[in-house]
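**Student:** Handing you this structure, nothing more for now.
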Amino acid sequence: MNLLRKILFPFAILYGIITSIRNFLFDKGILKSYSFDLPVIAVGNLSVGGTGKTPQIEYLIRLLADKYKVATLSRGYKRQSEGFILAQASSNAAILGDEPFQFFQKFKNIQVAVDANRKNGIEQLLSLPENPEVILLDDAFQHRKVKAGFYILLTSYGDLYSDDFMLPTGNLRESRSGAKRANVIIVTKCPFNLSQEKQDDIRNRLKVSANQELYFTFIAYDNFIYGENRKINVNEIQEAAKLLVAGIAKPEPFFAYLQDTNDVCLSFPDHYNFTDKDILEIKNLAQNNIIITTEKDYVRLQGSLPSEQLFYLPIQSSFIMGSDNFDQNILNYVGTSTRNR
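For the sequence shown, this note's numbering assigns the number 32 to the initial residue and increments by one for each residue that follows.
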């Protein structure tokens, strides 16, 4: 923790009091929460950024989209638009935000929408002629105006919410006690060989209650990098000269997976909007070598860099154990809620 964050500790206490009062008012019904007559699954975290919400949403899409009409609803962080927008052929990352646009490009059989007001966003989706049967709320754990039917809380293995502090001293958006709203807690970005002893230790540190389920996942990197017209096996480019570009919260694992001794790594802030100056710098550093970026950055860089040079590395969220049980719990919730409509 740096000196400035320590100095701001009194503000962290004040922020914690404010968010606790807000949650109390929602819990007691003094502030109104709205429920909807269809399955709504909220995926979020207690901290700011970097817990792997996008791969977890994609996991749920793969699980549900062949069985139900699925819609995702996101805020559309840093998008250059306002209000409710339903993704369509003319949409791009600037209009939707990078992560929703990634969903839209990747999954053709779902609806993708953005709206900072989740209640209005759900109402707009339900008013469509082809309305969804399931809605996945992206980064909506603190959006208490909508009461989801199922909450999935994510926390990173290297940055557990139990070890964190309130903003601005730490990275917590609300008190650790907010975790009690979760049906499922997932510790993300774990070592793939995390021991049972370490899992038990984390369970105790997180103080998981008897009515909650705890899972551990790791990031599984694809065996190929993908460009506009071709894909290349990662093994073929491991020792080749390349430029690695990432505008994500914690890029170190991405770099470590691909980097060779002489590769150049270029890091930008999360959800970064690349400027013309940045594009020129990337071109100059890359020369004629390939450029590999994250899938989220690719949707913003596509069209600004030569297509024959630009590639991305997909990732997926994989469960260390218990994936069948997790899947069945989600399917049971959605199936029961759908039948009860």
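Think of the CB as a built atom: it goes at the ideal place given N, C-alpha and C, for glycine as much as any other residue.
Just tell me which of F132, F138 and K139 has its CA closest to the CA of V145.
**Tutor:** Nearest to V145 by C-alpha distance, out of F132, F138 and K139, is F132.
**Student:** Residue range of the alpha helix (DSSP H) that T50 falls in?
**Tutor:** F40 to D58
**Student:** Go ahead and pull the three-state DSSP assignment for F181.
**Tutor:** strand
**Student:** What do you reckon, are the CB atoms on L184 and L77 nearer than 8 Å?
**Tutor:** yes
**Student:** Suppose you measure from the CA of R93 to the CA of D68; what does that come to, to the nearest Å?
**Tutor:** Between the alpha carbons of R93 and D68 lies a gap of roughly 23 Å.
**Student:** Just confirm the distance between the C-beta atoms of S105 and D169, as a whole number of angstroms; I'd bet it's less than 8 Å.
**Tutor:** About 4 Å separates the two Cβ atoms, so the contact holds.
**Student:** Who are the Cβ neighbours of T219 in its own chain at under 6 Å, not counting the five residues just before and after it?
**Tutor:** T82, G83, L185, S187 and T248
**Student:** Quick check on L203: buried or exposed, where buried means 16 or more other Cβ atoms within 10 Å of its Cβ?
**Tutor:** buried
**Student:** Suppose you measure from the CA of G334 to the CA of G353; what does that come to, to the nearest Å?
**Tutor:** C-alpha separation (whole angstroms): 41 Å.
**Student:** Counting pairs of Cβ atoms below 8 Å between the segment 220 to 233 and the segment 249 to 258, do you hit three or more?
**Tutor:** yes
**Student:** So, at 6 Å on beta carbons, what are the nonlocal neighbours of I310 in its own chain, with the 5 sequence-adjacent residues on each side left out?
**Tutor:** S335
**Student:** Let's test the definition: count the other Cβ atoms within 10 Å of the Cβ of G278 and tell me whether it reaches 16, buried, or not, exposed.
**Tutor:** buried
**Student:** Are the Cβ atoms of Y303 and T324 separated by less than 8 Å?
**Tutor:** no
**Student:** Starting from V295, follow the beta strand (DSSP E) in both directions and report where the run begins and ends.
**Tutor:** Its beta strand (DSSP E) spans residues V295 to S298.
**Student:** May I have the straight-line CA-CA distance separating G80 from Q87, to the nearest angstrom?
**Tutor:** 13 Å
**Student:** On a Cα-Cα basis, can you pick out the residue from Y99, N151, K139 and A147 that is closest to S112?
**Tutor:** A147
**Student:** Leaving out five residues before and five after S338 in sequence, what residues of the same chain have Cβ atoms less than 6 Å from its Cβ?
**Tutor:** The answer, listed in chain order, is E259.
**Student:** Classify V330 as helix, strand or coil using the three-state DSSP reduction.
**Tutor:** helix
**Student:** Roughly how many angstroms separate the alpha carbons of S298 and R236, rounded to a whole number?
**Tutor:** 32 Å
**Student:** Give the DSSP-derived three-state secondary structure of V218 in the structure shown.
**Tutor:** strand
**Student:** Candidates H174, Q142, R149 and Q173: which alpha carbon is nearest P160's?
**Tutor:** Of H174, Q142, R149 and Q173, the residue nearest in Cα terms is Q142.
**Student:** What residue does the beta strand (DSSP E) around I166 start on, and which one ends it?
**Tutor:** Residues V165 to D169.
**Student:** Would K176 and R149 be called neighbours here (beta carbons separated by less than 8 Å)?
**Tutor:** yes
**Student:** Determine the burial state of K273: buried for a count of at least 16 other Cβ atoms within 10 Å of its Cβ, exposed for fewer.
**Tutor:** buried
**Student:** Checking the sheet assignment: what are the DSSP bridge partners for F135?
**Tutor:** Answer by DSSP bridge pairing: none, since F135 is not bridged.
**Student:** Straight-line CA distance for I322 to F285?
**Tutor:** 13 Å
**Student:** Where does the unbroken beta strand (DSSP E) through Y257 begin, and where does it stop?
**Tutor:** Residues F255 to Y257.
**Student:** Do G47 and F172 count as a contact pair if the criterion is CB distance below 8 Å?
**Tutor:** No, the Cβ-Cβ distance between F172 and G47 is not below 8 Å.
**Student:** Evaluate the contact criterion for the segment 197 to 216 versus the segment 33 to 50: three or more CB pairs, one atom per stretch, below 8 Å.
**Tutor:** Contact between the segment 197 to 216 and the segment 33 to 50 is established, with three or more Cβ pairs separated by less than 8 Å.
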